[in-house]
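Chains A and B, in that order, are what the protein sequence lines are.
For the first sequence, our numbering gives the first residue as 25, with consecutive numbering after it.
For the second sequence, our numbering gives the first residue as 25, with consecutive numbering after it.
Backbone N, C-alpha and C fix where the C-beta goes; we use that ideal spot for every residue, glycine too.
Please read these numbers as outputs of a predicted model, since none were measured by experiment.
Following: one structure in structure tokens, then a few remarks.
2 protein chains.
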Amino acid sequence: MNAAQEIKDKGLKVTTARVKVLDILQPDGLALSHMELEPMLGKIDRITLYRILNDFEEVGLVHKVIDIDGVTRFALCKHNCTTHHHNDNHLHFNCTACHKMYCMDNLPVTAVNLPKGFKATGQSTIIYGLCSGCN
Amino acid sequence: MNAAQEIKDKGLKVTTARVKVLDILQPDGLALSHMELEPMLGKIDRITLYRILNDFEEVGLVHKVIDIDGVTRFALCKHNCTTHHHNDNHLHFNCTACHKMYCMDNLPVTAVNLPKGFKATGQSTIIYGLCSGCN
DNA sequence: TTGTTTATGCAACAGAGTTGCAAATGTAAG
DNA sequence: CTTACATTTGCAACTCTGTTGCATAAACAA
Numbered sequence: 025m026n027a028a029q030e031i032k033d034k035g036l037k038v039t040t041a042r043v044k045v046l047d048i049l050q051p052d053g054l055a056l057s058h059m060e061l062e063p064m065l066g067k068i069d070r071i072t073l074y075r076i077l078n079d080f081e082e083v084g085l086v087h088k089v090i091d092i093d094g095v096t097r098f099a100l101c102k103h104n105c106t107t108h109h110h111n112d113n114h115l116h117f118n119c120t121a122c123h124k125m126y127c128m129d130n131l132p133v134t135a136v137n138l139p140k141g142f143k144a145t146g147q148s149t150i151i152y153g154l155c156s157g158c159n
Numbered sequence: 025m026n027a028a029q030e031i032k033d034k035g036l037k038v039t040t041a042r043v044k045v046l047d048i049l050q051p052d053g054l055a056l057s058h059m060e061l062e063p064m065l066g067k068i069d070r071i072t073l074y075r076i077l078n079d080f081e082e083v084g085l086v087h088k089v090i091d092i093d094g095v096t097r098f099a100l101c102k103h104n105c106t107t108h109h110h111n112d113n114h115l116h117f118n119c120t121a122c123h124k125m126y127c128m129d130n131l132p133v134t135a136v137n138l139p140k141g142f143k144a145t146g147q148s149t150i151i152y153g154l155c156s157g158c159n
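Laid out in structure tokens, this is it:
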């Protein structure tokens with residue numbers, strides 16, 4: 025599906041900036057940081073980028089992951105996420121050499137047995153090590 | 025063991041600031057943020073606190089966790105961690121109501137089957153939901 | 001094409017974290 | 001218990017990340 029249609033389907037206005045951001049996030053399954061996205065976008069204001077990513081997250085187009093260095097990253101949602109309901113329980117792999125963050129959409133997430141009184145609503149797992157490119 | 029001895033054993037100088045920080049981290053199994061630690065420490069400079077926590081992490085006295093809001097938190101290492109070798113593969117529970125971060129030292133971490141070429145050296149899992157106090 | 005709504009860019013700000021340097025403190029030796 | 005050296009602390013200044021308010025520009029429905 026093309027980016028403009030996806031944006032429209034989520035009830036957002038189709039702007040050149042939004043289409044550009046979504047197009048960049050399409051190809052790879054990588055979670056990108058602001059620092060990485062900004063130079064790829066040309067003359068789009070960094071504040072605008074913050075707002076676009078936040079909007080995209082709210083409507084379920086992208087999800088946010090914080091990598092092992094504390095850097096916030098954004099990746100496309102592959103499953104049918106909707107506003108305020110993300111199916112983002114998948115694993116992420118963070119390469120300690122090249123710092124790339126991979127979405128591991130097809131790996132299963134193991135449920136954990138918590139102590140009495142604790143109730144889990146979700147979990148975020150980041151596996152770190154060397155990716156196939158750096159290994 | 026008392027804080028001063030632990031600090032000395034790791035090869036660090038025993039200072040009032042370091043003892044104070046370690047004493048505060050002792051009681052609970054909670055991971056505390058800078059914002060939470062600062063007011064508990066009295067007149068210790070915030071830069072000093074950054075340096076103490078970084079030093080403690082390097083020698084294996086504390087470990088760093090980034091919570092689901094992106095806030096960096098520090099907790100005592102319960103296992104025998106050494107310089108640059110943390111056994112910090114345990115789970116963390118982050119309460120979405122009170123924002124407390126618990127170290128779940130005794131829960132097992134499940135190994136994950138990664139795609140070819142990827143080599144894991146560790147993993148960080150944060151389970152979020154309601155803690156026993158808020159549930 | 002016009003008018004209204006929404007998005008963008010800019011300025012200014014708040015918070016987290018780092019670095020350099022002078023003063024204060026810890027520690028070991030005399 | 002005093003001296004001397006090494007390390008730590010506090011301060012100033014800075015970078016990087018992220019947010020808010022407001023005027024202008026762009027989307028889109030009529």
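- Within the same chain, and ignoring the five residues on either side of Val-43 (chain A) in sequence, the residues whose Cβ sits closer than 6 Å to its Cβ are Ala-27, Ala-28.
- Separation of Phe-142 (chain B) and Asn-159 (chain A) (C-alpha to C-alpha, rounded to the nearest whole angstrom) is 7 Å.
- Judged by DSSP in its simplified three-state form, Val-38 (chain B) adopts coil rather than helix or strand.
- One thing to note: Ala-121 (chain A) has its Cβ no nearer than 7 Å to the Cβ of Ala-55 (chain A).
- The beta carbon of Ile-71 (chain A) does not come within 7 Å of any beta carbon belonging to chain B, so the residue lies off that interface.
- Between Leu-154 (chain A) and chain B, the shortest Cβ-Cβ separation is below 7 Å.
- In the pairwise beta carbon analysis, the segment 116-134 of chain A is classified as not touching the segment 45-63 of chain B: fewer than three pairs are separated by under 8 Å.
- If you check the CB distance, Ile-150 (chain B) and Asn-118 (chain B) come in under 7 Å.
- Below the 9 Å Cβ cutoff, chain B contributes Val-136, Asn-137, Leu-138, Pro-139 as neighbours of Leu-131 (chain A), in chain order.
- Ranking B:Tyr-152, B:Ser-156, B:His-58, B:Val-95 by CA distance to the CA of Lys-140 (chain A) puts B:Ser-156 first.
- Taking C-beta atoms as the reference points, Ile-90 (chain A) and Ile-90 (chain B) count as a pair closer than 7 Å.
- Per DSSP, Gly-53 (chain A) has no beta bridge partner at all.
- Among the CB atoms of chain B, one or more fall inside 7 Å of the CB of Asn-159 (chain A).
- At a cut-off of 7 Å between beta-carbon atoms, Phe-80 (chain B) makes no contact with chain A.
- Below the 9 Å Cβ cutoff, chain B contributes Phe-117, Ile-151, Tyr-152, Gly-153, Leu-154 as neighbours of Ala-144 (chain A), in chain order.
- Using a Cβ-Cβ cut-off of 7 Å, Ser-57 (chain B) does not count as an interface residue toward chain A, since no Cβ of chain A sits closer than that to its own.
- For Met-128 (chain A), the closest alpha carbon among the candidates A:Ala-144, A:Thr-145, A:Tyr-152 is that of A:Tyr-152.
- For the set B:His-123, B:Asn-78, B:Lys-37, the Cα lying nearest the Cα of Glu-60 (chain B) is the one of B:His-123.
- By the rule that beta-carbons nearer than 7 Å mark a contact, Gln-147 (chain A) touches chain B.
- The DSSP-derived three-state label of Ile-68 (chain B) is coil.
- For Thr-39 (chain B), none of the residues of chain A pass the 7 Å Cβ criterion, the least Cβ distance being about 27 Å.
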